[in-house]
Amino acid sequence: MADPSKKKRLDLLLVERKLVESREKAKLEIMLGNVKVNGETIKKPSKLVRKDAVISLIENQKYVSRGALKLKGALEDFQITEELKGKIACDMGASTGGFTQILLEFGVRKVYAIDVGYGLLHWKLRKDPKVVVLERTNARYVCFETLGEMVDVITCDLSFISVCKVVPAMLSILKDDGRIITLIKPQFEAEKEKVRKGVVRDREIHIYVLEKIWDFMEDSGLKIVGLTFSKLRGPKGNIEFFMHLRKKGKSIPRFGITKVVDEAHSFFEGKTKYG
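Residue numbers for the sequence shown follow the working numbering, so the first one is 54 and each next one is one higher.
Here you go:
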């Protein structure tokens, strides 16, 4: 008989007890503060707890996806949360609506939630009068006529294509004093031979990808005013980055790329892809 006093990772126990369907989901619930152990909220997925501990899952989840935490962290890193109040935003690749939810949380007055898919946006965002749902809409072909107005803020979280593919569309709807906050996923930016089983782990490839996108953005007339990494990894453990762009201003020093990549690798060193 197993010793109930022995300890095990909290995320593993959640899956073992069938409180969630996957370890990734367990990690999200824990980091969102939705899991209690013996009445105490625990936010560390790798926390070791007794196998006989009382574990409860709070059903009233605050955020609809991990993307919400990713964007929230980036906006805080860029120190622009206060700049979003009263703005009009466009969320490209909205999916279930994590980015859309954070934009609303920080006070935007309208969000165009764009996704090529259908029926993905969470119902509580779908029914929000501040959200304009544009489903079955390819972000690459969005233009002024699509929205009928220019926007102050664009967020972007795309999969399977490079973010560079949607830059012309972004420029066509972004006000001159507007800003873009885009997630950069190296697994979709690097050449196929540099990606192994959907994962990019090499520091040099991360630097290469960011330099390539940096050059493309500047050639497109955009200024890179901020760069950071996501404190939550993507699927399969990919390290991801956020770039803050504006039409006007001055780009930050290019050597910041290496600094951010080194910080990201240091942050995740020794951690499993689950935390």
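Don't be surprised by glycine CBs; every beta carbon is placed ideally from N, CA and C.
Let me confirm a value: Gly172 is counted as buried when at least 16 other C-beta atoms fall within 10 Å, else exposed. Which label applies?
Of the other Cβ atoms in all chains shown, fewer than 16 fall within 10 Å of the Cβ of Gly172; this residue is therefore exposed.
Do the CB positions of Lys100 and Leu63 come within less than 9 angstroms of each other?
yes
When DSSP labels each residue in this structure, what does Ile277 get in the three-state scheme?
In the three-state scheme derived from DSSP, where H, G and I count as helix and E and B as strand, Ile277 is classed as strand.
Just list the residues that DSSP pairs His18 with in beta bridges.
Given a span of 54 to 328 for the chain in the structure shown, any question on residue 18 remains unanswerable.
Which two residues bound the contiguous alpha helix (DSSP H) that contains Met84?
For Met84, the enclosing alpha helix (DSSP H) starts and ends at 76-84.
Count the other C-beta atoms from every protein chain shown that fall within 10 angstroms of the C-beta of Gly231, then say buried if there are 16 or more, exposed otherwise.
Label assigned to Gly231: buried.
Taking the alpha-carbon of Asp255 as reference, which of Glu293, Leu157, Phe152, Thr94 has the nearest alpha-carbon?
Glu293
Can you have a look at Tyr165 and say buried or exposed, based on whether 16 or more other CB atoms are within 10 angstroms of its CB?
buried
Report yes if the CB atom of Arg183 is closer than 9 angstroms to the CB atom of Lys163, and no otherwise.
The sequence given here has Lys at residue 183, not Arg. Yes, the pair counts as a contact, with Cβ atoms nearer than the cut-off.
According to DSSP, is Val262 part of a helix, a strand, or is it coil?
Helix, per DSSP.
By how many angstroms is the C-alpha of His259 removed from the C-alpha of Pro239?
6 angstroms
Indicate the three-state DSSP secondary structure (helix, strand or coil) for Arg193 in the structure shown.
helix
Quick check: the Cα distance between Lys228 and Val90, rounded to an integer number of angstroms?
48 angstroms
Runs of 4 residues minimum, wholly inside the stretch 79-135: which ones carry the alpha helix (DSSP H) assignment?
119-131
Measure how close the beta-carbons of Lys140 and Asp205 come, nearest whole angstrom, since I'm counting them as under 8 angstroms.
By a beta-carbon distance limit of 8 angstroms, Lys140 contacts Asp205. Their separation comes to about 4 angstroms.
Which runs of the beta strand (DSSP E) spanning at least 3 residues fall entirely within the stretch 166-230, listed in chain order?
Unbroken beta strand (DSSP E) stretches of 3 residues or longer found wholly inside the stretch 166-230: 184-187, 204-209, given in chain order.
Answer with buried or exposed for Val107, where buried requires no fewer than 16 other C-beta atoms within 10 angstroms of its C-beta.
exposed
What residues in its chain sit with their C-beta under 7 angstroms from that of His175, if we drop five residues either side in the sequence?
Val117, Thr149, Gly150
For Val164, which of helix, strand or coil comes out of DSSP?
strand
Output yes if chain D places a C-beta closer than 9 angstroms to the C-beta of Asp130; else output no.
Checking the listed chains, one finds no chain D in this structure; it contains a single protein chain.
Tell me, to the nearest whole angstrom, how far the beta carbon of Ile207 is from that of Met270; I am working on the premise that it is less than 8 angstroms.
Ile207 to Met270, Cβ: 13 angstroms. No contact.
Between which two residues does the alpha helix (DSSP H) harbouring Ile310 extend?
309-321
How big is the Cα-Cα spacing for Ala121 and Ala317?
Approximately 19 angstroms between the Cα atoms of the pair.
Measure the alpha-carbon distance for Tyr327 versus Lys78 and round it to whole angstroms.
Interpretation of Tyr327 is limited by its pLDDT of 48, a score under 50 that renders its predicted location unreliable; no figure is taken from the coordinates.
Quick one: give me the first and last residue of the beta strand (DSSP E) that Ile155 is part of.
Per DSSP, Ile155 belongs to no beta strand (DSSP E); it is in the alpha helix (DSSP H), 151-158.
If I follow the unbroken beta strand (DSSP E) through Asp144, where does it start and stop?
141-145
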